[in-house]
Structures are given as structure tokens and as C-alpha cells.
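The sequence shown begins at 0 in the working numbering and counts up one residue at a time.
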Amino acid sequence: MRQQDAEPAIDVVRGFLGFKVADAESLDEIRADLRQTAQVSTRKLRRELAAFEAVLADPPAVPGALARMVAWEGNWVLEDESDVGAARFLGELAQILRDVLAEAG
């Protein structure tokens, strides 16, 4: 578990996008999946939220990095395909994580 805790935040977010977002049809589907996960354990969700917050606070310096990550790893098409749009989307996912964690207690 310590190795997972040492994983860079950007890699944790990439993993989340690939496992939780890529096959989802909607944000509601993602929320429902996260609620199921929270019934078993919230530890991973808390780690993922911390990673989202870290990436949003200090995004990659390479232009287009967030937009590509959302498009490729998350398989998600945004109306605003810029890094700003991607950051907004990642912020929405972070808020969903916060809400699910608050519900779980």
C-alpha cells in the first residue's frame, strides 16, 4: 500500500480516468459506481480525491496535457477541449468524490 501512496498524483488521476470514467456513459453512472465502492471502503477514494486536488492545484506545465489526459485516458469528449475545460471536468469529478465521501461518512 505504501507504494500506491507514493504514486504521483497525475498517475492516480490517470488511473481513475481509465478505470472509472472511460466506460461510463454519464457523471451519474460514475457517481453510482463510486457510491458502491464507498460501501466497501473509502480509503482509495480519499487517495484519489487528494490526487485530483493536487493536480488541479498544480496542473502539468505542458500545454494540452490535461485535455489529452481526459480525452485519452478518460475517453471523454468535452465541449471545451482545452486544458481549462479539462480542469473544469476534473473539478466536477473531484466534487463527486467529495460528495460520495461525505455521504459515506
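Virtual Cβ for every residue (Gly too), placed ideally from N, Cα, C.
Model, not experiment: these values are computed from the prediction.
DSSP on residue i, reduced to helix/strand/coil?
i	result
E52	helix
L77	coil
G104	coil
E24	coil
D57	coil
T41	coil
A86	helix
A5	coil
Please report the distance separating the alpha-carbon of residue i from that of residue j.
i	j	result
P62	R30	29 Å
E102	S40	13 Å
V11	F18	10 Å
V69	V76	8 Å
Q94	L48	9 Å
F88	Q38	25 Å
L33	V99	7 Å
A64	D82	7 Å
A56	G14	18 Å
M0	P7	A caution first: M0 carries a pLDDT of 46, below 50, which makes its placement in the model unreliable, though a value can still be read off. So the two alpha carbons sit approximately 14 Å from each other.
Got a sec, what are the start and stop residues for the alpha helix (DSSP H) residue i sits in?
i	result
V69	64 to 71
A8	8 to 15
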